[in-house]
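Numbering (the working numbering), first residue to last: 37 to 764.
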């Protein structure tokens, strides 16, 4: 499987760049296939050798590597090598194998990054405690040889720890400097380096003070803030990558009546493609043979399938539900609707990535200011005292005391407190700047099906039917997986209805189910199929031979808390818009029911994204609440976005906040919490500013050693964290 595109590393740890549309387009010109296989039976070096050798012997395989810890084989091969071929190779030597998707691989990389940060944090914390214990002895009066010994032991502990634990800061600082710019990690690295160099100089001269404890404590606090930030971002993978993972990598090409499995990249316009029941459309095209039902929720968000027969236009990513179809390709590769949707999302994500948080804004001014102040302190004291040692100590103290610990924790500390509060109310904050953006919201756009409504049809007229018809309908509905049949079966079973004895039960793809009851033909399905006149409302029709067809009517029930959420948002002065891919009648009915004045029906993904972009251009701060792939571009384009936990993966990934339960009522409370959190963040910045106004002159005047500076810096960080807890 082709690996998901990854953005280049950023010099600023607070920035996560979204994939550009141009980068996504490169997927359509693969030079090689990268296939990941899960091989659960691998357990030793012999297994690794056997699997790698067998894979390398297969024609077209360029390289094969096995990861024993993950029990995974990574293969680079020619584009015409199919995963099924490699799975067969391993099966012949006694190893079960399965293909892994891009989403699984991306999640693994995210977990690995989190474990790496946590390990570095643990090492820094353990080393800090040990060096602090040694420092206590020095503070208590240890002198001469004893003091020097403790200092050298501290150095032996601190130096390898800082080299290992401080790598995230060193890498980011070096990356920024290579790009000729500054970020918050540059003064951090300078402070740590100066503390270490000053300490080594002091102990080499048998001085009284060493500042290894300050350097380690600084590293520990900063890693703690970095890990908190990582946890808020851990599941905020690119929605464009998720959409890319949904593209079908292989298709069944029909050539002279024979099936041939080929990479989708090899398909051309006009090719005939076989799509089996349960498969996704690999291309945009026109059905030329077969009848079935198509799940079009990818484009419209509506859960009810549509009838498919020869002549119907289908789009890449739609799911064939019941019967085999032959499709003539009219768009392939980057021209398919699914790929265009991924491009829309990529562009929207790139726009959102330009949003700058309060911390980032402060850092742009803070980092160069700290460097200039420290340099001026060094040269000023050097001119005044002529003592390099004193000047270096004061420069280090300035860097440490102004180190952006409080500034760095100002946002994560409040975000963590607010996230905990909202989590207890059933909401998960995914993006670090989501609270800031949520506090600015003045317009809320809701999707209909699956968001304001449950997305499942509900029987409304059971009482209109006699027991005989209910029993026959139950028997027929139990023979189909159609959503209306499933809903009808569940409702009748819950009401205590027993199924009639229906023989020769058969499902006709795209139409319904039929059978024989007491010698009479009975059907449950589409109106035209049973000889009835279609109705405006969603219905399934029952026809008993010799009787007039009867309709079972369905409606989409409201999601729990929908009324309360909409009312609370309207009462708070927010503008509410309902946008849906459903028919105008259904959208208007729901809008009236909820008191929403502004609504849009039959909206395609690009329509939703364009409307939200237009609102943004008018100066609106839009909150988008949606659940489907058709909402993904809109979720990414919105100022801030929310999706239910029941939403599709790409929608959850594109959103900033996830509703863990089925209740929508916490949405209004989340907006209020966001405003409170933003207030606390601004208070934290004021605390950090006041701290620096007081502390910086003390350090510049030489009244604080690097150790005192580290303690003051830690105190400011603790104060910021305690202020964040007031949010509770």
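Glycine included, C-beta positions come from ideal geometry on N, C-alpha and C.
Here the structure is a predicted model, which means the values were calculated and not measured.
Straight-line Cα distance separating residue j from residue i
| i | j | result |
| --- | --- | --- |
| residue 613 | residue 312 | 39 angstroms |
| residue 242 | residue 425 | 13 angstroms |
| residue 758 | residue 700 | 31 angstroms |
| residue 641 | residue 374 | 10 angstroms |
| residue 48 | residue 198 | Note that residue 48 has pLDDT 34, beneath the 50 cutoff, so the model's placement of it is unreliable and no number is given. |
| residue 59 | residue 369 | With a pLDDT of 40 at residue 59, under the threshold of 50, the modelled position of that residue is not reliable, and no figure is offered here. |
| residue 714 | residue 672 | 22 angstroms |
| residue 492 | residue 592 | 6 angstroms |
| residue 675 | residue 436 | 36 angstroms |
| residue 760 | residue 752 | 13 angstroms |
| residue 678 | residue 462 | 12 angstroms |
| residue 560 | residue 704 | 43 angstroms |
| residue 656 | residue 647 | 11 angstroms |
| residue 341 | residue 599 | 27 angstroms |
| residue 184 | residue 474 | 55 angstroms |
For residue i, the nearest candidate out of the options (CA to CA)
| i | options | result |
| --- | --- | --- |
| residue 487 | 616, 555 and 211 | 616 |
| residue 107 | 73, 711, 424 and 463 | 73 |
| residue 558 | 535, 162, 521 and 508 | 508 |
| residue 121 | 411, 298 and 666 | 298 |
| residue 354 | 371, 315, 345 and 369 | 315 |
| residue 130 | 153, 90 and 119 | 90 |
| residue 229 | 248, 755 and 214 | 248 |
| residue 367 | 330, 304 and 436 | 304 |
| residue 253 | 289, 160, 327 and 290 | 160 |
| residue 115 | 97, 327, 589 and 460 | 97 |
| residue 207 | 180, 225 and 93 | 225 |
| residue 467 | 349, 661, 694 and 320 | 694 |
| residue 412 | 753, 431 and 726 | 431 |
| residue 288 | 360, 535 and 463 | 360 |
| residue 168 | 181, 627, 193 and 217 | 193 |
| residue 151 | 502, 263 and 527 | 263 |
| residue 527 | 323, 510 and 83 | 510 |
| residue 502 | 518, 580, 726 and 81 | 580 |
| residue 731 | 438, 406, 330 and 343 | 438 |
| residue 524 | 552, 588 and 565 | 588 |
| residue 469 | 172, 570, 711 and 245 | 711 |
| residue 321 | 362, 597 and 295 | 362 |
| residue 719 | 691, 709, 756 and 745 | 756 |
| residue 293 | 181, 307 and 690 | 307 |
Residue(s) in a DSSP beta bridge with residue i
| i | result |
| --- | --- |
| residue 299 | 286 |
| residue 680 | 695 |
| residue 226 | Looking at the DSSP assignment, residue 226 forms no beta bridge with any residue, so it has no partner. |
| residue 74 | 108 and 134 |
| residue 586 | 578 |
| residue 615 | 483 and 636 |
| residue 343 | 329 |
| residue 321 | 350 and 365 |
| residue 465 | 693 |
| residue 765 | The displayed coordinates of the chain run from 37 to 764. Any statement about residue 765 would go beyond what the structure contains. |
| residue 99 | 112 |
| residue 592 | 493 |
| residue 294 | 291 |
| residue 316 | 355 |
N- and C-terminal bounds of the alpha helix (DSSP H) containing residue i
| i | result |
| --- | --- |
| residue 576 | That residue, residue 576, is in no alpha helix (DSSP H); its beta strand (DSSP E) goes 574 to 580. |
| residue 92 | 81 to 92 |
| residue 736 | 702 to 736 |
| residue 128 | 119 to 128 |
| residue 671 | 668 to 673 |
| residue 357 | Taken as a continuous stretch (DSSP letters only), residue 357 belongs to no alpha helix (DSSP H), as it is neither H nor E. |
| residue 620 | 620 to 630 |
| residue 642 | 641 to 653 |
| residue 192 | 180 to 201 |
| residue 603 | 598 to 607 |
| residue 431 | 424 to 437 |
Start-to-end residues for the beta strand (DSSP E) that takes in residue i
| i | result |
| --- | --- |
| residue 550 | 548 to 553 |
| residue 362 | 361 to 367 |
| residue 561 | 556 to 561 |
| residue 310 | 308 to 311 |
C-beta neighbour in chain C for residue i, strict 8 angstroms
| i | result |
| --- | --- |
| residue 80 | The structure shown contains no chain C, having only a single protein chain. |
*Ignoring anything shorter than 4 residues or poking outside the stretch 467 to 544, list the alpha helix (DSSP H) runs there in chain order.*
470 to 474, 503 to 513 and 519 to 530
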